[in-house]
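Chains as they are written, first to last, in numbering that gives the first Met the number 0: chain Z, 0 to 377; chain G, 0 to 377. What follows is a short report on a single structure.
Number of protein chains: 2
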Amino acid sequence: MKRSFIREILESVDCETISFAGGLPNENHFPVKDLKDANLKLYENSKNLQYAQSNGIEELRQQIAEFYNEEGFETNASNILITTGSQQALYVIAKNYQSKDIVIEEPSYLGAINTFKMNSMIISTAELNNDGVNIDKFRFAFEKTKLAYLIPDFQNPKGSLYSQEKREKIARMTLENNAYIIEDAPYTQLYFEKKPKSISSMIPNNSLHLGSFSKTLSPSLRVGWIRANEEIIKELTMIKETIDLHSCSIAQYTVSNYLNDSSKYKKHLQKLREAYKTKMEFFVKALKKHLPSFEFTKPMGGMFIYGRLKDVDTYELVQECIKEKVVFVPASQFYLDKKICDEIRFNFTHSSQEDVEIGLIKINSIYGAFKNEENLIT
Amino acid sequence: MKRSFIREILESVDCETISFAGGLPNENHFPVKDLKDANLKLYENSKNLQYAQSNGIEELRQQIAEFYNEEGFETNASNILITTGSQQALYVIAKNYQSKDIVIEEPSYLGAINTFKMNSMIISTAELNNDGVNIDKFRFAFEKTKLAYLIPDFQNPKGSLYSQEKREKIARMTLENNAYIIEDAPYTQLYFEKKPKSISSMIPNNSLHLGSFSKTLSPSLRVGWIRANEEIIKELTMIKETIDLHSCSIAQYTVSNYLNDSSKYKKHLQKLREAYKTKMEFFVKALKKHLPSFEFTKPMGGMFIYGRLKDVDTYELVQECIKEKVVFVPASQFYLDKKICDEIRFNFTHSSQEDVEIGLIKINSIYGAFKNEENLIT
Numbered sequence: 000m001k002r003s004f005i006r007e008i009l010e011s012v013d014c015e016t017i018s019f020a021g022g023l024p025n026e027n028h029f030p031v032k033d034l035k036d037a038n039l040k041l042y043e044n045s046k047n048l049q050y051a052q053s054n055g056i057e058e059l060r061q062q063i064a065e066f067y068n069e070e071g072f073e074t075n076a077s078n079i080l081i082t083t084g085s086q087q088a089l090y091v092i093a094k095n096y097q098s099k100d101i102v103i104e105e106p107s108y109l110g111a112i113n114t115f116k117m118n119s120m121i122i123s124t125a126e127l128n129n130d131g132v133n134i135d136k137f138r139f140a141f142e143k144t145k146l147a148y149l150i151p152d153f154q155n156p157k158g159s160l161y162s163q164e165k166r167e168k169i170a171r172m173t174l175e176n177n178a179y180i181i182e183d184a185p186y187t188q189l190y191f192e193k194k195p196k197s198i199s200s201m202i203p204n205n206s207l208h209l210g211s212f213s214k215t216l217s218p219s220l221r222v223g224w225i226r227a228n229e230e231i232i233k234e235l236t237m238i239k240e241t242i243d244l245h246s247c248s249i250a251q252y253t254v255s256n257y258l259n260d261s262s263k264y265k266k267h268l269q270k271l272r273e274a275y276k277t278k279m280e281f282f283v284k285a286l287k288k289h290l291p292s293f294e295f296t297k298p299m300g301g302m303f304i305y306g307r308l309k310d311v312d313t314y315e316l317v318q319e320c321i322k323e324k325v326v327f328v329p330a331s332q333f334y335l336d337k338k339i340c341d342e343i344r345f346n347f348t349h350s351s352q353e354d355v356e357i358g359l360i361k362i363n364s365i366y367g368a369f370k371n372e373e374n375l376i377t
Numbered sequence: 000m001k002r003s004f005i006r007e008i009l010e011s012v013d014c015e016t017i018s019f020a021g022g023l024p025n026e027n028h029f030p031v032k033d034l035k036d037a038n039l040k041l042y043e044n045s046k047n048l049q050y051a052q053s054n055g056i057e058e059l060r061q062q063i064a065e066f067y068n069e070e071g072f073e074t075n076a077s078n079i080l081i082t083t084g085s086q087q088a089l090y091v092i093a094k095n096y097q098s099k100d101i102v103i104e105e106p107s108y109l110g111a112i113n114t115f116k117m118n119s120m121i122i123s124t125a126e127l128n129n130d131g132v133n134i135d136k137f138r139f140a141f142e143k144t145k146l147a148y149l150i151p152d153f154q155n156p157k158g159s160l161y162s163q164e165k166r167e168k169i170a171r172m173t174l175e176n177n178a179y180i181i182e183d184a185p186y187t188q189l190y191f192e193k194k195p196k197s198i199s200s201m202i203p204n205n206s207l208h209l210g211s212f213s214k215t216l217s218p219s220l221r222v223g224w225i226r227a228n229e230e231i232i233k234e235l236t237m238i239k240e241t242i243d244l245h246s247c248s249i250a251q252y253t254v255s256n257y258l259n260d261s262s263k264y265k266k267h268l269q270k271l272r273e274a275y276k277t278k279m280e281f282f283v284k285a286l287k288k289h290l291p292s293f294e295f296t297k298p299m300g301g302m303f304i305y306g307r308l309k310d311v312d313t314y315e316l317v318q319e320c321i322k323e324k325v326v327f328v329p330a331s332q333f334y335l336d337k338k339i340c341d342e343i344r345f346n347f348t349h350s351s352q353e354d355v356e357i358g359l360i361k362i363n364s365i366y367g368a369f370k371n372e373e374n375l376i377t
């Protein structure tokens, strides 16, 4: 088992390095003042500092359930398990389905792959296209595994968005096979045009829907959740309490107090989407200007621009880039067998405009040198 | 796998029930004002709200290392892994030693037993006496398992304290067998007379020493840690980041800011010890007066009074007590095979003096009825 390339990179690069690597939200857009007020408030009652319920504090589970209900996806507080970020949601689920078969998109989120492997799950893959997973390949695997892990909204790493047609097909397939899907949705709120409708809402009893406040409020809180049927939530709660009794309740009360004014949260999300859309547009323009060989599709939301830099192993390229103080994630990391790969994931939410330009110019220059070298060898 | 009896009880009893069950610190002794100030301070830098290092924030790891150094137990920040409470420390370790043999004290902490079982560890036991584990039985098992889980200071549930002689014997045995001990020390700071010296300090490379702020500052923070050699910490960090990327950094910064004034922390601990000693003395007196059949040894620290109520299955007794709105933990829960058992664990830190008296009088009356019934049947 290797450590996550991204976590290692995040911890090893110095602060002078321009990083397009991590899935970092932009610190300038954290609602610092409002979070601070919400946090402060919990100290009014010293009972809030006591041990809390394993499945999460009641108020917060109720508020999250309400978000689902607002969209017509009927949900009670007892359908919600609070986790230490989405990552723990994945771990708890992987532990529950330990040694079982699962089909995932390829490429997919590295943290999920590692978690599934660590719990001896047997992973099949289905190719991910720009409108969602390749349905024929997916069906072939899913009929056997009866369990799938999907990121339909602004996928990590690919940024892709499932078409409505594919969503409906997968929902149908799930019921036909008496199967389950794990729908990971940390980026859903970061849409640029229209909020996508979850697959889970079409199959409430056959889905585990994962959400998180890491990308919308702050990752430091480590507050995520699972929405599933009550029976599954009970099973997962047993695992969750064996792992850490319960998630930090300082953070849970902070989020809950923050959400008490729901119009504030909605305004914040609206501003965040606008800011990230602007950042995406700038990154796209900069790519076209400074790294013209990079082929990509403009994302409709989320945090990533994904594409192809022809005729280069991007894993080798990034090693050189790190020396020159710029870093991205070579996409081989998102493939199960880490095969040689010419794809790249860029994060567009974190860096300043100046850094985007400097960073891309550097990458282009190193890429040029690489190509020349290769030509010499051939 | 059953849910933890204690967690279930904590969540199911209503607020009118007098509970001697949970290992709850007393809310009146949380340093609310100082924690609030420490918490507030983190909002001065919005970077504190970003993703943090997997192994924990540097400042806090440094401060914890310093505590060890003050006692002559040489430790660097790189020897520390921050976890979501001690419970996660146990889980991460159990995952690392998955399917391996381990010897534990009997009785022992239920959360540890569940975690070891969940990770398919093969558990042997050695009887725990009032001065520590039975050395002959321990040696017999330890020579085979090469891994032990011990709570030498004010054990949960037994409240027992290891003698210096037993500590030294176990340290020697560990080195002779090229083995490891997991030393769980959440109660160490709650001593009434003298701080016990850890076994780990005698065998720094062959020990995993676990600490927590749950019993000293607040359990809501979910901040615990593991102190071990760097190689082990690296292995455990890989597991930790697969579970939840990192522990809540709001809580980590809060603790770190709080500890910046170390004299404040020391004064707080001193006051806490005095308050808990007073509560223990009161509980002891009340037991002698209201539940005279209960045989026990006065603890030297920690949170529990443990003993025997002859001729009754305390698991059956507690079912009746719950109906009468008083609850404790029947000790069968702390045994591997949950055998019928006449022992009880009382928590003495949480209830008010009034509740202690009312609760014990109720238990005595139900116990009396039980004994009479039994006499009728025989």
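For glycine and all other residues, C-beta sits at the position ideal for the given N, C-alpha and C.
N-terminal and C-terminal residue of the beta strand (DSSP E) that residue i is part of
i	result
Y42/Z	Looking at the DSSP string, Y42/Z is not in any beta strand (DSSP E), and its letter there is neither H nor E.
R344/Z	E342 to N346
E182/G	Y179 to D183
Where residue i falls, given that 16 or more other Cβ within 10 Å makes a residue buried
i	result
T377/G	Annotation note: pLDDT 45 at T377/G (below 50); position unreliable, coordinate value reported separately. Exposed, since its Cβ has fewer than 16 Cβ neighbours within 10 Å.
M302/G	buried
L160/G	buried
F282/Z	buried
L174/G	exposed
I202/Z	buried
C320/Z	buried
A368/G	exposed
P291/G	exposed
N177/G	exposed
Cα-Cα separation between residue i and residue j, rounded to whole angstroms
i	j	result
K361/Z	I112/G	54 Å
S262/G	T253/Z	29 Å
S107/Z	S53/G	21 Å
K94/Z	T114/G	12 Å
I92/Z	Y179/Z	12 Å
R307/G	Y264/G	36 Å
N155/G	I343/G	12 Å
V12/G	A37/Z	29 Å
V326/Z	E353/Z	15 Å
N78/Z	I181/Z	15 Å
I365/G	F347/G	20 Å
F293/G	E356/G	14 Å
Y257/Z	L39/Z	11 Å
D110/G	Y334/G	Just to set this straight, residue 110/G is Gly in the shown sequence, not Asp. The straight-line gap from Cα to Cα measures roughly 12 Å.
P185/Z	L207/Z	13 Å
K145/G	K165/G	17 Å
E280/G	K194/G	19 Å
L41/Z	K284/G	36 Å
Contacts of residue i in chain G (Cβ-Cβ under 8 Å)
i	result
M117/Z	K94, I238 and T241
T253/Z	I249
Limits of the unbroken alpha helix (DSSP H) element including residue i
i	result
F13/G	For clarity, residue 13/G is Asp in the given sequence; the question names Phe instead. First-last for D13/G: undefined, no H or E at that position.
N95/G	G84 to N95
A170/Z	Q163 to E175
Residue-level contact to chain B via CB, residue i, 8 Å cutoff
i	result
Q49/G	Absent from the structure: chain B. Protein chains present are Z and G.
Residue i: contacting residues in chain Z (beta-carbon distance under 8 Å)
i	result
E250/G	According to the sequence shown, residue 250/G is Ala rather than Glu. Near A250/G (Cβ distances below 8 Å), the residues of chain Z are C247, I249 and A250.
Neighbouring residues, chain Z, relative to residue i (Cβ below 9 Å)
i	result
Y42/G	V31, K32, L34, K35 and N38
Closer than 9 Å at the beta carbon, the chain G residues around residue i
i	result
K46/Z	E26
For the stretch 230-242 of chain G, list every residue whose C-beta sits within 8 Å of some C-beta in chain Z, in sequence order.
T236, M237, I238, E240, T241 and I242
Contact list for the stretch 75-89 of chain Z against chain G, Cβ threshold 7 Å
T83, G84, Q86 and Q87
Below 7 Å between beta carbons is the criterion; list the residues of the stretch 212-225 of chain Z that meet it against any residue of chain G, in chain order.
S217, P218, S219, L220 and R221
Determine which residues of the stretch 291-304 of chain Z have a Cβ less than 7 Å from any Cβ of chain G, and write them out in chain order.
none
Taking a cut of 7 Å between CB atoms, which residues from the stretch 117-144 of chain Z lie near chain G?
M117
Taking a cut of 9 Å between CB atoms, which residues from the stretch 305-331 of chain G lie near chain Z?
none
Near-chain Z residues of the stretch 100-116 of chain G - C-beta to any C-beta below 8 Å:
G110, N113 and T114
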